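Colleague:
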Amino acid sequence: MKKLLGIGISVGVLAGVWTQVSIELALITWVGFVAWACYFAAGGGREGFLKGLAANLAGALWGYGASLVLTYATFTGAVALAVTVVAFILCLQAAVDLLSFIPGAFAGTAVLFGTSFDLGGTVIALVVGACLGWLSDIAGRRIQAAVDRSGRPLPASQP
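And the structure:
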């Protein structure tokens, strides 16, 4: 439990701040949390930030492209066909290292669909969420280091 104190404090505080700020600014709160989770799921650090965010954004863009096609393709099964094509692309794009976090790409598409294709709002929340992931990781490590140091006995004083 002690090893999780730093990350717990940083995530808890930042989650509360994000929730309040996103409500005040009419941002899409839950999408930020999805991107935040993708940061950690992609491994955290610089690589987790880059891969998680790139995959999220690519997924959102492919989903938006599908929505544009669906404004014209109104035949029965069009949505299923569009989802099939996008899912295929999300897997193929993983050949590019930056886009290799396939779950993040699917999350990006899903949140875009979940916001009723609000591309601007989705992109903003994805970027903020990824940044919050990185910030909470850094802050959590620093808090944890301080907690770990405070638990050590003080060195004996020298005469």
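Counting from 257, one number per residue, gives the positions in the sequence shown under this note's numbering. Note that CB positions come from ideal geometry on N, CA and C, so glycine has one too. Just so it is clear, the structure is predicted and the values come from calculations on it, not from any experiment.
1) Which of the three DSSP states is assigned to residue 284 in this structure?
2) Roughly how many angstroms separate the alpha carbons of residue 410 and residue 275, rounded to a whole number?
3) In whole angstroms, give me the CA-to-CA distance for residue 374 and residue 262.
4) What did DSSP end up calling residue 340 once you bin it into helix, strand or coil?
5) For residue 353, name the three-state secondary structure that DSSP assigns.
6) Between the alpha carbons of residue 293 and residue 284, how many angstroms are there, rounded?
7) Let me confirm a value: residue 329 is counted as buried when at least 16 other C-beta atoms fall within 10 Å, else exposed. Which label applies?
8) Once you ignore the five residues that flank residue 379 on each side, which residues in its own chain have a CB closer than 8 Å to its CB?
9) Go ahead and label residue 450 buried or exposed: buried means 16 or more other beta carbons lie within 10 angstroms of its beta carbon, across all protein chains shown.
10) Quick test of your reading: residue 295 and residue 370, contact by CB under 8 Å. State the CB separation rounded to the nearest angstrom.
11) Does DSSP put residue 315 in a helix, a strand or coil?
12) Suppose the cutoff is 7 Å on Cβ atoms and the five residues either side in sequence are ignored; what does the same chain contact list for residue 298 look like?
13) Classify residue 353: buried if its beta carbon has 16 or more other beta carbons within 10 angstroms, exposed otherwise.
Modeller: Let me lay it out:
1) Residue state, collapsed to three classes: coil.
2) A caution first: residue 410 carries a pLDDT of 47, below 50, which makes its placement in the model too unreliable to give a value.
3) A direct Cα-Cα distance of roughly 34 Å separates residue 374 from residue 262.
4) It is helical.
5) Residue state, collapsed to three classes: helix.
6) The straight-line gap from Cα to Cα measures roughly 15 Å.
7) The residue in question, residue 329, is exposed, as its Cβ has fewer than 16 Cβ neighbours within 10 Å.
8) Result list for residue 379: 313, 316, in chain order.
9) The structure shown does not extend to residue 450, since the chain spans only 257 to 415, so no value can be given for it.
10) The pair is not a contact, with the Cβ atoms about 19 Å apart (cut-off 8 Å).
11) Here residue 315 sits in helix by DSSP.
12) Beyond the five residues adjoining it in sequence on each side, residue 298 comes within less than 7 Å, by CB distance, of 304, 307, 308, 357, 360 in the same chain, given in chain order.
13) Result: exposed.
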